[in-house]
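Residue numbers for the sequence shown follow my numbering, so the first one is 2 and each next one is one higher.
Each residue gets a CB set at the ideal place from its N, CA and C atoms; glycine is no exception.
Source: prediction; values computed, not measured.
Beneath this line is the structure, given in structure tokens, with notes to follow.
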Amino acid sequence: MTTSHATPAEHNIVSAAQALAPLIQEHRNTMESERRLPAPIVDALRTLGAFRLAVPHVYGGLELDPMTQTRVVEELSCIDGSVGWCSMISSAGSFASAFLAPEVAQRLCGHVGFSLAGQVVPVGRAEVVDGGYRVTGRYRFGSGCQHASLLVGGCVVFENGKPRLLANGQPETRVMTFPPAACKILDTWNTTGLLGTGSHDFEVADVFVPFSESWSFAERPPYSGALYRFPPLFLVTHAGVPLGLARAGIDAVIELANRKELAPDPHKLFGTRLLRDESRVHEAIAVAEGALAAARSFTYSSLTDVWETLNRKEKLTPRQRALYRIMLIDVHRVAKEVITSMYDLAATSAIYRSHPLDRIMRDIVTACQHGVVHPKMYRPAGRLLLGLEAGDPLF
Numbered sequence: 002m003t004t005s006h007a008t009p010a011e012h013n014i015v016s017a018a019q020a021l022a023p024l025i026q027e028h029r030n031t032m033e034s035e036r037r038l039p040a041p042i043v044d045a046l047r048t049l050g051a052f053r054l055a056v057p058h059v060y061g062g063l064e065l066d067p068m069t070q071t072r073v074v075e076e077l078s079c080i081d082g083s084v085g086w087c088s089m090i091s092s093a094g095s096f097a098s099a100f101l102a103p104e105v106a107q108r109l110c111g112h113v114g115f116s117l118a119g120q121v122v123p124v125g126r127a128e129v130v131d132g133g134y135r136v137t138g139r140y141r142f143g144s145g146c147q148h149a150s151l152l153v154g155g156c157v158v159f160e161n162g163k164p165r166l167l168a169n170g171q172p173e174t175r176v177m178t179f180p181p182a183a184c185k186i187l188d189t190w191n192t193t194g195l196l197g198t199g200s201h202d203f204e205v206a207d208v209f210v211p212f213s214e215s216w217s218f219a220e221r222p223p224y225s226g227a228l229y230r231f232p233p234l235f236l237v238t239h240a241g242v243p244l245g246l247a248r249a250g251i252d253a254v255i256e257l258a259n260r261k262e263l264a265p266d267p268h269k270l271f272g273t274r275l276l277r278d279e280s281r282v283h284e285a286i287a288v289a290e291g292a293l294a295a296a297r298s299f300t301y302s303s304l305t306d307v308w309e310t311l312n313r314k315e316k317l318t319p320r321q322r323a324l325y326r327i328m329l330i331d332v333h334r335v336a337k338e339v340i341t342s343m344y345d346l347a348a349t350s351a352i353y354r355s356h357p358l359d360r361i362m363r364d365i366v367t368a369c370q371h372g373v374v375h376p377k378m379y380r381p382a383g384r385l386l387l388g389l390e391a392g393d394p395l396f
């Protein structure tokens with residue numbers, strides 16, 4: 002897989018991600034059985050910078066453009082979906098560093114050991130007190146919470162026992178940051194796929210958070226690089242996970258097709274038939290490659306368009322915003338279709354835990370359930386295309 006116009010530094014991090022394959026494969030069984038990333042993989046990802054792809058340069062981060070961020074996650078997901086997913090989640094969270102006060106961002110995010118887990122949906126409660134907030138809440142899907150250096154949770158802000166309202170009459174919401182020691186991790190991650198992500202629930206109870214250690218995407222970030230001018234861009238690396246999984250699925254079937262022997266043809270007396278000799282396989286592989294290539298082209302052309310617009314310091318049009326989110330949904334839908342077709346081709350070979358397609362299929366099915374990429378998200382995108390308000394702050 003290649004991307005044109007990439008700088009040497011961008012090529013280096015993508016190549017370094019690819020080079021982690023032997024280490025990840027060595028620990029794959031442990032990852033699934035323990036339902037978390039093993040320490041050697043976490044250490045390698047920290048060294049790579051995979052958890053802080055969007056941390057600004059001024060805080061020691063990589064501040065990579067959205068295409069390169071997605072490429073890194075794509076390559077890691079091609080090796081293993083859980084590794085790609087945890088990198089995606091933390092790098093999405095690393096956008097927060099641009100929205101925090103500089104001294105806070107430097108302290109919380111400006112180090113090699115940084116990794117983030119949590120949920121920005123405001124399901125918690127933050128009561129205003131002297132100097133900050135008292136926060137209580139339970140958060141779902143804390144991917145990577147067991148190795149995170151920082152956890153976050155969205156909250157509705159309360160003052161004097163009532164929700165504090167903004168000028169538009171809506172309740173104020175903010176994202177709070179928590180040290181891991183303030184959070185109780187609940188063992189809830191027993192799922193179909195992405196087992197190694199350790200996406201357990203976690204809760205906080207009456208935890209004090211200083212005003213400066215919270216943020217809102219509705220506020221202008223103190224650090225104003227192009228990457229942070231369109232807040233929903235923090236979702237960008239979601240696209241890398243299905244692209245990598247689909248590539249791995251096709252590759253797994255191509256490898257299988259070159260060695261899997263089929264039952265003898267009753268109309269032929271001699272010769273061994275391999276799966277690769279079947280015309281139905283030829284067709285399915287060609288269709289899958291075409292579908293993945295189209296989805297990948299849509300992904301990177303959409304991101305390039307967004308990035309060029311942001312670098313010109315222009316606002317995205319409603320159409321651009323809609324197509325960006327449509328891309329995130331479409332690439333998951335296509336990857337699921339591609340992987341399902343590959344799973345069907347592999348037949349009984351794919352049902353064994355020892356075959357890559359078992360894990361790949363479970364991972365894509367699980368990834369497609371995420372609310373950001375669920376088909377229901379076509380609806381706000383369609384509203385934008387029809388000249389209406391999206392009705393969703395992440396559009």
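Legend entry - Sequence-distant residues of its chain with Cβ nearer than 7 Å to H201 (five each side left out): Locating residue 201 in the sequence shown gives position 200, counting from the first residue. Excluding residues within five positions, the ones whose Cβ falls inside 7 Å are G143, C146, I186, L187, D188, T189, W190.
Legend entry - Which of helix, strand or coil DSSP assigns to F299: Start at 1 with the first residue of the sequence shown, and residue 299 comes out as number 298. In this structure, F299 counts as helix in the three-state DSSP scheme.
Legend entry - Strand pairing of Y134, partner residues [DSSP]: Taking the first residue of the sequence shown as 1, we reach residue 134 at position 133. Bridge partners of Y134: V129, V210.
Legend entry - Opening and closing residue of the alpha helix (DSSP H) in which G114 lies: If you number the sequence shown from 1, residue 114 lands on position 113. Here G114 belongs to no alpha helix (DSSP H), and DSSP marks it neither H nor E.
Inset, instruction - Consult DSSP for V288 and reduce its assignment to one of helix, strand or coil. - result: Position 287 of the sequence shown, counted from the first residue, corresponds to residue 288. Note: V288 maps to helix in three-state DSSP.
Inset, instruction - Measure the Cβ-Cβ separation of G194 and M89 and say whether it is below 8 Å. - result: Along the sequence shown, one-based indexing puts residue 194 at 193. Along the sequence shown, one-based indexing puts residue 89 at 88. Not in contact: G194 and M89 (Cβ atoms no closer than 8 Å).
Inset, instruction - Going by CA-CA distance only, name the one from T198, L166, K163 that's closest to C87. - result: The count along the sequence shown starts at 1 and reaches residue 87 at position 86. It is T198 whose Cα lies nearest to the Cα of C87.
Inset, instruction - Give the secondary structure of Q321 by DSSP, where H, G and I count as helix, E and B as strand, and everything else as coil. - result: The count along the sequence shown starts at 1 and reaches residue 321 at position 320. Note: Q321 maps to helix in three-state DSSP.
Legend entry - Residue range of the alpha helix (DSSP H) that includes M362: On the sequence shown, position 361 is the one that residue 362 refers to. Run containing M362: 357–368, per the alpha helix (DSSP H) assignment.
Legend entry - Between the CA atoms of G62 and Q1 - distance to the nearest angstrom: This structure cannot speak to residue 1, because the chain is shown only from 2 to 396.
Legend entry - Endpoints, the beta strand (DSSP E) within which E160 is located: Translated into positions along the sequence shown, residue 160 becomes position 159. E160 -> beta strand (DSSP E) spans 151–160.
Inset, instruction - Could you tell me whether the Cβ atoms of T178 and L151 are closer together than 8 Å? - result: Here residue 178 corresponds to residue number 177 of the sequence shown, with the count starting at 1. Here residue 151 corresponds to residue number 150 of the sequence shown, with the count starting at 1. The answer is yes: Cβ separation under 8 Å.
Legend entry - Spatial neighbours of E128 in its chain, beta-carbon cut-off 7 Å, leaving aside the 5 residues before and after: Locating residue 128 in the sequence shown gives position 127, where the first residue counts as 1. Excluding positions up to five away in sequence, the list reads Y134, R135, F159.
Legend entry - From T341, E279, E173, residue whose alpha carbon lies closest to that of A258: Counting from one through the sequence shown, the residue named residue 258 turns up at place 257. A258 has its Cα closest to that of E279, out of T341, E279, E173.
Legend entry - Check whether F396 and R322 have beta carbons under 8 Å apart: Position 395 of the sequence shown, counted from the first residue, corresponds to residue 396. Position 321 of the sequence shown, counted from the first residue, corresponds to residue 322. For F396 and R322, yes; Cβs fall inside 8 Å.
Legend entry - Assigned exposure category for K316 - 16 Cβ within 10 Å defines buried: What you label residue 316 is simply residue 315 of the sequence shown in a count that begins at 1. K316 is exposed by the Cβ-count criterion.
Inset, instruction - Would you kindly check if the distance between the Cβ of I42 and the Cβ of I25 is under 8 Å? - result: Counting from one through the sequence shown, the residue named residue 25 turns up at place 24. Counting from one through the sequence shown, the residue named residue 42 turns up at place 41. It is a contact, given that the beta carbons lie within the stated cut-off.
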